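In this note's numbering, the protein residues as written are 1 to 380.
Beta carbons: idealized from backbone N, C-alpha and C, even for Gly.
Predicted, not measured: the structure shown is a model, and the values here were computed from it.
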Amino acid sequence: MTDREAAAAQTEFVYDALPMRVSFGSGRLAHLGDEVARLGLRRVLVLCTPGRRELGERVAELLGDAAVGVFAGARMHVPVPVAVAEAGAAEARRLDADGCVAIGGGSTIGLAKAIARDSGLPSVCVPTTYSGSEMTPVWGLTEDGDKRTGRDPVVLPRSVVYDPELTIGLAAHTSAASGVNALAHAVEALYAPDVSPVVALMAEEAARSLATALPAVVRAPADVPERALALRGAWLAGACLGATTMSLHHKLCHVLGGLLDLPHAETHTVVLPHVAAFNLAAAPRAAAALSRALGGADPARALHDLNRTLELPRSLAELGVDRADLSAVADAVLARPSINPRQADHDTVLRILNDAWAGTVPKAATGPTPVEVAISTRSI
Ligand code: NAD
């Protein structure tokens, strides 16, 4: 498909712009007070994880009188436990806070969203990983193993401050896995039923930025310009996640994580090349964009090679998955309504899972005509 054909093909779409302000740059944390003041906030509660309390205290100091406290109660969990959300909301009420500043990864930002859902308090987010949660109106809560997610505009952060210097402490392996997880948002946005020209441009640029920067970040984790490029890619990928409906890849990873208790980002790195090989055969515009972004004619192979360069896991076997469990995973995936550019039955999903289990080099597939699927719900 030529560039002209690809552009011509996308002349019918809906684009729902999300209302948020983004401020990006090295050292930008110093201007956080201006962002808080722009929103008219005078009594914010600073949120962080226990391990990052010192950073939370530094942020509170930076905000001076505009900060009323630090709640270092965010927990690494997928998604936020209800008890943590309730404790955060209670602290915000006790201090009569008028907003939150979340500094950290997806877990801390998830806590700000849970508080917003409970009380309507607006948030300013300062992401320190590549999760992309700060760009989405998606909340997630878990109680007694019951995971609930949903979309609500009230949880969308009002302002996001990206400072690449804050990501330097993120270990090389975590950065690489988190970055490929972000890349997965861009890949699935490109063939989403609600992709638009704006999202397609963002997704292609996200893939290009992440694929270029991540190997350099792994080689030299303290290189600020490469960290900036990776974070810019993560921002764009997060914006794609917030704007579109994710397909089979995200569904598979969600089920694998839930049923087999696998690490979130590493599951994405293993599965992505195999779902991409299957889906891109029915999504020529997405395949063309990814070829441009990743280099080479076969984007699925490029994703596999990127994982190898980044020394990330490439097989479910490496993650400790028993092959005998894969059929139940396929059943669970097909039991939920989902969206995908190509129809996938049990045998197909099982084949994808078996390839991911073995970590084979993905084979670019040709396949049946794309199926039209109605958009009923959005999910991540
Ligand atoms: P995380 O927020 O759980 O952070 C992992 C750990 O790394 C924490 O202990 C944290 O304190 C630490 N950390 C964070 N940044 C650091 C840094 N720069 N240096 C050193 N340590 C640092 O991990 P995550 O991957 O960012 O987020 C995962 C969570 O986000 C999951 O719950 C996932 O479901 C959720 N998520 C939600 C959305 C959404 O749209 N709702 C999108 C993506 C992810």
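Measuring only the C-alpha atoms, how far is residue i from residue j?
i	j	result
V70	P50	10 Å
V14	W235	21 Å
L303	V275	11 Å
R232	M20	16 Å
G27	S178	22 Å
L121	A317	43 Å
L256	W139	20 Å
V160	R314	33 Å
T309	A228	20 Å
T360	V187	20 Å
E226	A239	20 Å
L156	H268	24 Å
H31	V46	15 Å
R58	G64	10 Å
A172	R285	32 Å
A243	G132	12 Å
L214	A176	6 Å
A66	V80	26 Å
P193	T11	13 Å
I352	R336	17 Å
Would you say the beta carbon of residue i is closer than 7 Å to some non-hydrogen atom of the ligand NAD?
i	result
L32	no
P79	yes
H249	no
M398	This structure does not reach residue 398, given that the chain is present from 1 up to 380, and the question cannot be answered.
T136	yes
T245	no
R58	no
L241	yes
A265	yes
R148	no
S123	no
L183	no
L170	yes
Where does residue i fall in DSSP's three states?
i	result
E266	helix
P81	strand
L95	coil
A184	helix
V161	strand
L170	coil
A74	coil
S315	coil
F278	helix
L111	helix
T11	coil
Output yes if chain C places a C-beta closer than 8 Å to the C-beta of residue i; else output no.
i	result
R301	Looking at the structure shown, chain C is missing, and only one protein chain is on hand.
Quick one, which of the options has its alpha-carbon nearest residue i's?
i	options	result
L41	E91, R158, I115, H268	R158
L334	V321, D34, R323, L350	L350
L262	G320, D96, S327	G320
C253	W357, L229, A286	W357
A282	S327, L272, L259, R342	R342
H264	L353, A182, K363, Q10	A182
T245	G150, D65, T11	G150
G106	A328, D322, K363, V78	V78
Y130	S123, E61, G169	G169
L62	E165, L29, E86	L29
E35	A203, I115, G296, S123	S123
S23	Q10, R94, D163	D163
R53	T108, A207, E205	T108
Given the structure, does residue i come close to the ligand COA, in the sense that its CB is under 7 Å from one of the ligand's heavy atoms?
i	result
T129	As far as ligands go, the structure on display features the ligand NAD and does not contain the ligand COA.
Contact between the region 96-112 and the region 68-87: three or more CB pairs below 8 Å? yes
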